[in-house]
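Chemist:
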Amino acid sequence: MTAVLELRGLSRTFGTLKAVSDVSLQVRAGARHAVIGPNGAGKSTLFGLVAGSLPASEGSVVFEGRDVTRLPEHRRVQAGIAKTFQHSSLFLSATLLENVLLALQQRDGRSRRVLRRATAHRDLVDRAHLHLADVGLADRREAVAGALSHGERRQLEVAVALATEPRLLLLDEPAAGMSAAETAQLTELVRSLPASVTVMLIEHDLDVVFGIADTVTVLHLGAHLLTGTPEEVRASEEVQTAYLGAADTSELFPGAMS
Amino acid sequence: MGVLQWFDDNLVSMVDGVAFGLLLFTLAVGLSLVFGMMDVLNLAHGTLYLVGAYAAYSLSDGSLLGLAVALGVGLLVGAAGGVVLAGMTQPLAGRGHLDQAVLTLGVSFIVADVLASAYGAEVLPADPPSALRGSVSVLGHTYPVYRLVFIAVAAALALVVWALFERSSLGALVRATVADRDMVRALGVDTRVVLFAVFAFGAGLAALGGVFGAPILGPGPGVDETVLVLSLVVVVVGGLGSVSGALLGALLIGQVQTLGVAVVPEYAPFLLFGTMLVVLAVRPAGLVSLTKRQTA
Amino acid sequence: MISPVVRRAGLAVLVLGLAAAPFLVDEYAIQTMSRILVFSLLAMSVNLLTGITGLPTLGQSAYFGVGAYTAAIVSTTVTDIGIVALLVAGALTALVALPTGWVAVRARGVAFLMITLAIGEIAFSAAVRWKAVTRGTDGYSGIPAVVPLPGMPSLQLDGLVYYWVLAVFLVLFVLMRLLVASPFGLALRGIRDNEARMRAIGYPTTGYALAGYCVAGALAGMAGSLYVSVQRFVSPGDAGFEIAALALLAVIIGGVGSMWGACVGAAVVILTRDYLGGYVAGRASLLLGILFVAAVYLLPRGIAGVRARWPVRARAGAQA
């Protein structure tokens with residue numbers, strides 16, 4: 368197994384709170400790797416540490432064999448890591464096209480150009496259309512992002528991240544607040560991504576998790592509890608104990624409540 | 009020889025620096041608190057100093073009583089100005105700092121124009137009360153009495169402000185309002201009163217600084233601007249919204265503007281910026297940074 | 005809806021009117037128009053930072069002053085050729101903006117505003133005190149009339165100087181429009197909208213903000229150079245706080261983010277100061293103060309914002 372991402376003893380403290388505690392983990396190239404856990408398990412913090420929006424307190428992040436722990440966020444994007452935001456984080460005064468163009472022009476090293484209009488770079492515009500079409504927003508490309516519905520913003524969020532053309536894509540609750548149809552479309556999109564893109568996702572909707580993931584990691588109180596196939600995770604007593612009392616577990620463990 | 013001699017040569021400048029620094033503190037602390045608490049950037053802050061300084065010029069007749077009257081009037085007018093500014097900026101809440109900046113700038117233009125037409129375009133000499141004129145000999149240097157008295161009074165004032173905001177339960181309420189307005193409101197406190205009070209307090213303090221500071225930095229057109237810029241630099245260097253930061257920043261800038269200028273006069277125009285540059289390069293959030301606004 | 009035809013016709017009338025102005029109005033009015041054009045460039049520079057990049061500045065007077073003094077020194081000691089003074093002023097100002105901007109762009113929001121204000125004030129005090137270079141409070145007077153390009157005669161008449169200013173203004177205006185719509189301009193707007201996301205899609209945002217700061221500085225410097233061509237005089241007051249405050253006011257009046265709005269705002273500000281101020285002798289700053297307050301309460305989104313609220317092309321104002 369070749370690991371595209373390896374976390375070694377990764378920790379992050381906020382004051383006295385240890386949000387992520389000594390997590391070691393390997394993510395296989397091409398994996399569809401879900402990270403689950405009760406609220407406060409440190410999932411989003413873990414993504415922040417991998418993407419570089421948060422500096423690690425201890426430990427290291429190794430991406431494609433290269434230690435990126437000290438790299439600033441924008442350099443990790445250039446290295447091939449992209450992240451979506453749990454709460455949609457878009458350019459609200461720009462059009463959908465411009466939202467995606469921003470990512471594409473940077474990936475292509477054209478962001479310092481000043482002589483032509485951004486929308487006059489036809490090849491980039493065409494690629495932006497493809498990315499928008501992938502998430503089902505092709506016909507809204509001239510709309511202003513601020514005018515989108517919640518579900519549409521989630522879709523655009525994914526399109527912008529994909530436009531950085533990552534080899535590791537981190538999806539932080541991509542389906543939160545989406546309609547059933549939108550969720551289905553998103554699941555389909557993630558499934559259709561080529562194996563050259565490794566996907567990690569945080570998701571509360573376990574239908575989505577088990578519909579996409581081939582590997583599941585469970586975090587509990589910032590610590591790594593278990594990594595395995597969806598079936599192994601379902602069967603684990605440790606996981607059941609972690610979840611019990613924390614939230615409704617009936618969905619994860621259909622048998623546990625009866 | 010050496011260090012001791014240098015120290016002796018510059019003692020007067022250093023004492024001047026302490027006086028100036030304490031004056032800056034009385035000005036900057038209001039600006040800092042109003043921003044920290046109300047999230048209002050008050051660019052008419054220098055105008056409040058100007059009002060106080062003109063009050064000192066108009067009401068001081070050379071007696072200590074005249075000074076006391078000027079202090080009372082300055083404090084009152086300044087506090088009233090603070091309430092007016094608070095009321096004017098309230099409707100702009102949620103529209104960002106740019107509109108507040110432009111509005112308060114407009115107010116400072118208007119008041120400056122009115123004051124200039126009333127008092128003329130010259131910087132007016134404001135003499136200290138006759139009882140505090142003259143100089144004394146300190147460690148072989150002659151030094152104006154008024155500045156020494158000023159240092160004592162301003163230091164006491166700084167101590168009171170610091171104790172009030174950092175050590176008393178009233179200060180705790182104020183700091184709680186800064187940190188989480190909604191929570192304090194839920195406890196049954198009318199936060200608007202707290203906000204207006206802090207604005208009035210900060211503004212009154214700036215006007216008070218004007219009354220006391222008039223013999224050091226006399227009233228005249230453009231002085232409001234000088235005071236505003238110095239206060240802003242103090243706040244940026246010290247750290248936004250912190251009383252201790254304002255004190256630290258004020259004392260540092262006070263030394264830079266007196267000792268620094270005396271020691272390296274050829275670099276005088278660049279010292280202020282140089283200091284800010286060095287501080288921000290080392291500590292981007294200022295000397296005393298409050299981390300409360302950062303969320304994980 | 006304003007059709008493209010109407011827009012183009014309006015633009016043509018505007019340009020023709022600007023071109024014919026020296027034949028239509030008196031000398032004082034022409035000088036005022038030159039000042040409006042110069043001030044429009046400064047307002048555009050403020051708008052590039054405040055409106056486009058989201059960095060509110062009160063310090064562009066510093067770069068305006070650097071450009072003006074550079075042009076004054078070049079014109080009196082080296083050459084009276086305008087294009088040389090213009091380009092040297094632009095380049096030198098960009099150079100000065102680099103280290104000063106490096107400090108400023110580490111901050112955001114109000115802290116940025118405070119730091120730029122301090123930069124402006126320090127430039128002012130340097131203009132007063134650095135006598136060897138600036139000649140102190142006297143400043144430079146009797147600056148020779150500008151020779152726009154090598155081989156041209158020196159422009160003694162205000163009407164001819166106006167054409168030089170107008171030509172440079174039009175070129176720079178078009179370049180700024182281009183810049184705002186370019187990939188680089190889009191990146192600056194991205195920083196304004198959502199800097200965290202910009203980092204998350206690979207932008208070193210501080211570097212982009214600094215680059216924008218230097219471009220804005222160069223633009224302000226070139227405006228300063230033109231100012232010297234018009235006034236043939238420069239003193240510390242021209243690099244003072246009031247200039248920075250008025251430039252910001254022009255942007256607020258015109259509508260934050262709109263380049264043509266900044267120019268309209270500049271015209272309102274200069275006309276208030278130089279024309280209305282003349283009617284109530286000596287009370288120009290009172291009028292300006294009232295203008296500041298009125299702009300905030302009555303025009304929350306500026307003139308461009310009012311236009312943009314018309315149902316059509318709601319984005320035109322935000323994008324221009």
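Protein chains in written order, with the working numbering: chain R, 368 to 625; chain U, 9 to 304; chain W, 5 to 324. All residues carry an ideal CB built from backbone N, CA and C; glycine is no exception.
Show which residues of chain W have a CB atom less than 8 Å away from the CB atom of R:Phe458.
Modeler: Those within 8 Å of R:Phe458 in chain W are Arg193, Gly194, Asp197, Asn198, Arg201.
Chemist: Just the C-alpha distance for R:Gly432 and R:Val371, rounded to the nearest angstrom, thanks.
Modeler: Looking at the two C-alpha atoms, the distance is approximately 7 Å.
Chemist: Count the other C-beta atoms from every protein chain shown that fall within 10 angstroms of the C-beta of R:Thr596, then say buried if there are 16 or more, exposed otherwise.
Modeler: That one is exposed.
Chemist: Is there a Cβ from chain W that is less than 8 Å from the Cβ of U:Arg103?
Modeler: Output row for U:Arg103: interface = yes.
Chemist: Count the other C-beta atoms from every protein chain shown that fall within 10 angstroms of the C-beta of W:Lys135, then say buried if there are 16 or more, exposed otherwise.
Modeler: Exposed: under 16 other Cβ atoms inside 10 Å.
Chemist: Please report whether the beta-carbon of W:Ala266 lies at a distance below 8 Å from any beta-carbon of chain U.
Modeler: Not closer than 8 Å to any Cβ of chain U, the Cβ of W:Ala266 fails to qualify, so no.
Chemist: Quick one: list the residues of chain W neighbouring U:Phe281, beta-carbon separation under 7 Å, in chain order.
Modeler: By Cβ distance, chain W contributes Ala122, Ile123, Ile126.
Chemist: Straight-line CA distance for W:Leu223 to W:Met37?
Modeler: Taking the straight line joining both Cα atoms gives about 19 Å.
Chemist: For W:Phe43, does the count of other Cβ atoms within 10 angstroms reach 16, so buried, or fall short, so exposed?
Modeler: Under this definition W:Phe43 is a buried residue.
Chemist: At 7 Å on the CB atoms, spell out the chain W contacts of R:Arg508, in chain order.
Modeler: Within 7 Å Cβ-Cβ: nothing; R:Arg508 doesn't reach chain W, min ~13 Å.
Chemist: What did DSSP end up calling W:Ile85 once you bin it into helix, strand or coil?
Modeler: In this structure, W:Ile85 counts as strand in the three-state DSSP scheme.
Chemist: If the criterion is Cβ atoms closer than 8 Å, does the pair U:Ala208 and U:Thr112 meet it?
Modeler: No, Cβ-Cβ distance for U:Ala208 and U:Thr112 is not below 8 Å.
Chemist: Along the stretch 466–484 of chain R, where does the CB come closer than 8 Å to a CB of chain W? Name the residues.
Modeler: Cβ contacts with chain W come from Leu468, Leu469, Ala470, Gln472, Gln473, Arg474, Arg477, Ser478, Arg479, Arg480, Val481, Leu482, Arg483, Arg484.
Chemist: Check each residue of the stretch 69–84 of chain W: if its Cβ is closer than 9 Å to any Cβ of chain R, include it; give the result in chain order.
Modeler: If the cut-off is 9 Å between Cβ atoms, the stretch 69–84 of chain W has nothing near chain R.
Chemist: Select from the stretch 235–256 of chain W all residues with a C-beta closer than 8 Å to any C-beta belonging to chain U, and list them in chain order.
Modeler: From the stretch 235–256 of chain W, only Phe245, Ala249, Leu252, Leu253, Ile256 have a Cβ closer than 8 Å to chain U.
Chemist: With respect to the alpha helix (DSSP H) encompassing R:Arg545, which residues constitute its N-terminal and C-terminal limits?
Modeler: Correcting the residue type first, residue 545 of chain R is Met in the shown sequence and not Arg. Careful: R:Met545 lies outside any alpha helix (DSSP H) and carries neither H nor E.
Chemist: W:Leu102 CB to nearest chain R CB: under 8 Å?
Modeler: With 8 Å as the cut-off, W:Leu102 does not count as an interface residue toward chain R.
Chemist: Are any of the Cβ atoms in chain W nearer than 8 Å to that of R:Glu532?
Modeler: So no, R:Glu532 is outside the interface.
Chemist: Pick from W:Thr276, W:Arg236, W:Ala251, W:Asn198: whose alpha carbon is nearest that of W:Pro148?
Modeler: The candidate whose alpha carbon is nearest that of W:Pro148 is W:Arg236.
Chemist: Going by alpha carbons, who is nearest to U:Asp121 out of W:Ala288, W:Phe188, W:Val234?
Modeler: Ranking the options by Cα distance to U:Asp121, first place goes to W:Ala288.
Chemist: Quick check: the Cα distance between U:Val182 and U:Met191, rounded to an integer number of angstroms?
Modeler: Near 12 Å, if we compare the C-alpha coordinates of U:Met191 and U:Val182.
Chemist: Within 8 Å, do at least three Cβ pairs link the stretch 435–443 of chain R to the stretch 204–215 of chain W?
Modeler: Contact holds: three or more Cβ-Cβ distances are below 8 Å.
Chemist: For R:Asp501, count the other beta carbons within 10 Å of its own beta carbon; 16 or more makes it buried, fewer makes it exposed. Which is it?
Modeler: The residue in question, R:Asp501, is buried, as its Cβ has 16 or more Cβ neighbours within 10 Å.
Chemist: Tell me which residues of the stretch 73–91 of chain U have at least one Cβ-Cβ distance to chain W shorter than 7 Å, keeping chain order.
Modeler: Listed by position, the residues of the stretch 73–91 of chain U near chain W (Cβ gap below 7 Å) amount to none.
Chemist: Within 8 Å (strictly less), CB to CB, does R:Lys410 reach chain W?
Modeler: So, not an interface residue.
Chemist: Along the beta strand (DSSP E) that carries R:Val511, what are the first and last residues, could you check?
Modeler: Element bounds for R:Val511: n/a, residue is neither H nor E.
Chemist: Please list the partners that R:Ser420 has in chain W, where partner means a Cβ-to-Cβ separation under 8 Å.
Modeler: Near R:Ser420 (Cβ distances below 8 Å), the residues of chain W are Ala200, Arg203, Ala204.
Chemist: Assess, as a yes-or-no matter, whether the stretch 58–73 of chain U is touched by the stretch 128–140 of chain U under the definition of 3 or more beta carbon pairs within less than 8 Å.
Modeler: Flag = yes, the stretch 128–140 of chain U and the stretch 58–73 of chain U touch.
Chemist: Under 9 Å, CB to CB, which of the residues in the stretch 432–446 of chain R have a partner in chain W?
Modeler: Cβ contacts with chain W: Pro439, Glu440, His441, Arg442, Arg443, Val444, Gln445.
Chemist: Against chain R, does W:Ser49 count as a neighbour if the rule is that its beta carbon must be under 8 Å from one of theirs?
Modeler: Taking Cβ atoms only, chain R never reaches closer than 8 Å to W:Ser49, which makes this a no.
Chemist: If you pair each beta-carbon of the stretch 552–568 of chain R with each one of the stretch 471–485 of chain R, do three or more pairs fall below 8 Å?
Modeler: No, they do not touch.
Chemist: Do three or more CB pairs link the stretch 148–165 of chain W to the stretch 265–275 of chain W at distances below 8 Å?
Modeler: Segments in contact, no.
Chemist: Is there a Cβ from chain U that is less than 8 Å from the Cβ of W:Met37?
Modeler: It does not: the Cβ of W:Met37 has no partner Cβ on chain U nearer than 8 Å.
Chemist: Should W:Gly216 go down as buried or exposed, given a rule of 16 or more other Cβ atoms within 10 Å for buried?
Modeler: Its Cβ being crowded by 16 or more others within 10 Å, W:Gly216 is buried.
Chemist: Applying a beta-carbon distance threshold of less than 7 Å, which residues of chain W neighbour R:Val527?
Modeler: Simply Ile205.
Chemist: Return yes when the Cβ of R:Leu593 is within less than 8 Å of the Cβ of R:Glu604, no when it is not.
Modeler: No, the Cβ-Cβ distance between R:Glu604 and R:Leu593 is not below 8 Å.
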